[in-house]
Ligand code: AMP
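Residue numbers (the working numbering): 108 to 504.
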């Protein structure tokens with residue numbers, strides 16, 4: 108990797124500004140329901156503390172739309188972080204994020220001490236990559252470390268902007284994301300299989316196109332499979348269909364053939380009359396979807412075929428559920444695929460964040476996966492072959 112990492116900077120006695128991804132899910136009472144994102148930040152935080160730095164941490168949480176909003180305060184995060192680090196975290200509950208008091212506290216910070224700023228999205232300038240805000244943030248520290256992979260696909264003041272004003276490096280989490288995903292794309296163990304699901308073809312076009320240049324096999328499931336089936340001439344009943352993407356699906360099928368990529372579409376599908384769990388459902392071959400029925404999952408024959416492809420793969424990249432996995436009657440396809448990936452011990456397995464990560468966690472197999480990305484949107488853009496501006500802005504080696 109050409110970006111500076113923690114090993115390339117000397118942090119002894121320095122104040123380091125660290126962009127973390129503490130955008131944790133909260134319940135209605137404002138309690139953290141999953142602290143995975145906080146624990147994922149610990150390796151970088153601990154490394155910097157052990158190497159003699161004082162830390163000023165920052166993150167966004169939710170979408171307060173550029174205004175202070177107590178529902179999105181990072182106070183809960185400071186409390187959880189304090190428990191995990193077993194040390195006091197100085198929480199700067201400042202609506203402006205940076206003011207004279209915050210500056211003074213930052214200047215008095217001693218090696219080993221940790222400060223957390225308030226939600227950076229309380230300021231409108233954050234998502235606009237405002238120069239003044241970036242300057243205010245960087246004035247607090249000597250060095251900057253970006254460890255928020257989840258926002259790396261955005262150029263915001265707290266990730267890209269601050270790189271203009273401070274020497275910078277990526278943290279251990281981003282380094283790992285780039286090593287594993289970059290390695291899989293640049294120099295994969297073959298065969299490389301990409302499994303793509305989710306609701307819409309339109310969201311995944313660029314990923315499919317980019318992976319077409321890299322993968323040996325592409326498996327397609329989820330809501331978007333019906334547009335491909337329609338492109339092959341099948342009737343898809345009331346299944347999710349993007350009429351305006353049928354031509355594109357045809358082109359992608361042709362391109363796969365040209366490039367010698369094996370593109371696997373489902374052979375059978377679970378159908379129902381209504382989009383709900385408690386409804387009559389049954390499995391049909393894809394050429395027999397009845398009028399008035401919608402496909403909500405892949406069928407048994409498809410599961411068997413996909414298993415064979417997964418078993419023979421040495422690298423597996425998965426993004427997007429194969430069916431409506433939120434409803435138990437239509438979760439079998441997604442859960443089976445998650446299990447097959449976890450069971451293949453010969454493969455490097457990578458799961459883009461979001462729904463696929465949730466599915467593998469729900470069935471308790473997350474620890475069997477080589478790498479679960481902490482950034483849904485960021486990992487998708489990485490798989491599209493795009494440059495991530497939050498990482499691009501960091502100093503080169
Ligand atoms: P995405 O955010 O694009 O990855 O899409 C995830 C969503 O796709 C999930 O909420 C799934 O319920 C949905 N999905 C998967 N398969 C289908 C399907 N056959 N019909 C409708 N929605 C689906």
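Idealized CB from N, CA, C, for every residue including glycine.
Is any heavy atom in ligand 1 found nearer than 7 Å to the beta carbon of residue i?
{"i": "residue 371", "result": "no"}
{"i": "residue 306", "result": "yes"}
{"i": "residue 287", "result": "no"}
{"i": "residue 132", "result": "no"}
{"i": "residue 403", "result": "yes"}
{"i": "residue 347", "result": "yes"}
{"i": "residue 428", "result": "yes"}
{"i": "residue 461", "result": "yes"}
{"i": "residue 392", "result": "no"}
{"i": "residue 433", "result": "yes"}
{"i": "residue 310", "result": "yes"}
{"i": "residue 482", "result": "no"}
{"i": "residue 329", "result": "yes"}
List the residues that DSSP assigns as beta-bridge partners of residue i.
{"i": "residue 402", "result": "378"}
{"i": "residue 301", "result": "325 and 424"}
{"i": "residue 503", "result": "110"}
{"i": "residue 456", "result": "423"}
{"i": "residue 275", "result": "251"}
{"i": "residue 165", "result": "126"}
{"i": "residue 392", "result": "375"}
{"i": "residue 199", "result": "224"}
{"i": "residue 478", "result": "457"}
To the nearest angstrom, how far is it from the Cα of residue i to the Cα of residue j?
{"i": "residue 249", "j": "residue 123", "result": "6 Å"}
{"i": "residue 440", "j": "residue 432", "result": "8 Å"}
{"i": "residue 472", "j": "residue 376", "result": "25 Å"}
{"i": "residue 256", "j": "residue 398", "result": "44 Å"}
{"i": "residue 323", "j": "residue 139", "result": "40 Å"}
{"i": "residue 133", "j": "residue 143", "result": "12 Å"}
{"i": "residue 279", "j": "residue 113", "result": "7 Å"}
{"i": "residue 312", "j": "residue 351", "result": "13 Å"}
{"i": "residue 108", "j": "residue 286", "result": "8 Å"}
{"i": "residue 360", "j": "residue 268", "result": "41 Å"}
{"i": "residue 453", "j": "residue 481", "result": "23 Å"}
{"i": "residue 125", "j": "residue 468", "result": "28 Å"}
{"i": "residue 224", "j": "residue 253", "result": "15 Å"}
{"i": "residue 200", "j": "residue 178", "result": "13 Å"}
{"i": "residue 408", "j": "residue 326", "result": "14 Å"}
{"i": "residue 274", "j": "residue 127", "result": "17 Å"}
{"i": "residue 232", "j": "residue 466", "result": "35 Å"}
{"i": "residue 374", "j": "residue 349", "result": "20 Å"}
{"i": "residue 154", "j": "residue 146", "result": "13 Å"}
{"i": "residue 392", "j": "residue 171", "result": "47 Å"}
{"i": "residue 420", "j": "residue 299", "result": "6 Å"}
Please state if the CB of residue j and the CB of residue i are separated by a distance shorter than 8 Å.
{"i": "residue 426", "j": "residue 456", "result": "no"}
{"i": "residue 334", "j": "residue 363", "result": "no"}
{"i": "residue 163", "j": "residue 214", "result": "no"}
{"i": "residue 369", "j": "residue 353", "result": "no"}
{"i": "residue 417", "j": "residue 371", "result": "no"}
{"i": "residue 291", "j": "residue 422", "result": "yes"}
{"i": "residue 301", "j": "residue 424", "result": "yes"}
{"i": "residue 189", "j": "residue 183", "result": "no"}
{"i": "residue 317", "j": "residue 460", "result": "no"}
{"i": "residue 210", "j": "residue 161", "result": "no"}
{"i": "residue 442", "j": "residue 396", "result": "no"}
{"i": "residue 485", "j": "residue 259", "result": "yes"}
{"i": "residue 221", "j": "residue 159", "result": "no"}
{"i": "residue 476", "j": "residue 438", "result": "no"}
{"i": "residue 436", "j": "residue 384", "result": "yes"}
{"i": "residue 506", "j": "residue 236", "result": "With the chain represented from 108 up to 504, any question about residue 506 goes unanswered, as that position is not in the structure."}
{"i": "residue 319", "j": "residue 366", "result": "yes"}
Applying the criterion that 16 or more other CB atoms from any shown protein chain within 10 Å of the CB defines a buried residue, is residue i buried or exposed?
{"i": "residue 115", "result": "exposed"}
{"i": "residue 261", "result": "buried"}
{"i": "residue 507", "result": "Absent from the model: residue 507. The displayed extent of the chain is 108 to 504, so no value can be given."}
{"i": "residue 494", "result": "exposed"}
{"i": "residue 297", "result": "exposed"}
{"i": "residue 394", "result": "exposed"}
{"i": "residue 415", "result": "exposed"}
{"i": "residue 243", "result": "buried"}
{"i": "residue 489", "result": "buried"}
{"i": "residue 314", "result": "buried"}
{"i": "residue 185", "result": "buried"}
{"i": "residue 130", "result": "buried"}
{"i": "residue 451", "result": "buried"}
{"i": "residue 205", "result": "buried"}
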